[in-house]
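Counting in our numbering, the sequence shown runs from 364 upward without gaps.
All C-beta atoms, glycine included, are put in the ideal place defined by N, C-alpha and C.
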Amino acid sequence: MEKKDNKNFWSRWAVRYDKTMSGSEKLYQNITSHMQKTLKRDMTVLELACGTGLLSVKIAPIVKHLEATDFSAEMIKQAKMKSYSAKLHFSVQDATQLPYAPESFDVVVISNALHIMPDPKASLQNIRRVLKDDGILIAPTFTAAGSIGGRIRIRIMELSGFRVFHKWTPESFLAFLRENGFKIQKGEVFKGGLTLTYAEAKKENNRLEELL
364 MEKKDNKNFW SRWAVRYDKT MSGSEKLYQN ITSHMQKTLK RDMTVLELAC GTGLLSVKIA
424 PIVKHLEATD FSAEMIKQAK MKSYSAKLHF SVQDATQLPY APESFDVVVI SNALHIMPDP
484 KASLQNIRRV LKDDGILIAP TFTAAGSIGG RIRIRIMELS GFRVFHKWTP ESFLAFLREN
544 GFKIQKGEVF KGGLTLTYAE AKKENNRLEE LL
């Protein structure tokens, strides 16, 4: 039986993940081009749920340092097989229990992951903690629930043993970020096989106490 956090699913799919995502190169290029407008060479960046490092290897050359993490050891194993910048370090970490000191990162990236996490609120609390006060959260996230086609795709994924815990529309996803202490700086919807909402946000520091 599949664990409720999808870890067994990712462990099985790690060696095939890059091939499976080969048809999404245009989407990754679109995400990367948006990130390049925000990321700077003096930034220290944390990436959560990096998978096999498809975005990591594109981000690392344009920042000071990238700490790329995933909760699946098999995914990180595949990521380390790639050729990548010396500014990039891969490690296995749980996004809900990050070991980093408070305000360690200028940017936290979490791409296409919050919707498949059992407890994304805990992840956002950890992100708030490790993000600098003026830091930026970049969270491109599939928000397919707003269309019939998207809901059908989600159902097919779930039948394969993959859990989608949060079926957001673009509007409800951005609202979720706001409810968890972030002020939206940018929210753009990418249309395609699955609708994706590209979000950039900053901490709402005046809401810290009520969220704790």
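Taking the Cβ atoms as the reference, residue 561 lies roughly 17 Å from residue 483, outside the contact range of under 8 Å. Between residue 432 and residue 559, the alpha-carbon positions lie close to 22 Å from each other. In this structure, residue 530 keeps its C-beta atom at 8 Å or more from the C-beta atom of residue 545.
DSSP lists 408 and 499 as the bridge partner or partners of residue 470. If only uninterrupted alpha helix (DSSP H) runs of at least 4 residues are considered, those enclosed by the region 531-565 are 533-542. Take the alpha-carbon of residue 443 and the one of residue 547: they are about 33 Å apart. Assigned with DSSP and collapsed to three states, residue 388 falls in helix.
Residue range 451-455 is occupied by the beta strand (DSSP E) that includes residue 455.
Minimum Cα-Cα distance from residue 567 among the listed residues 553, 498, 506 and 554 corresponds to 498. Residue 447 sits close to residue 420, with the two beta carbons spaced by under 8 Å.
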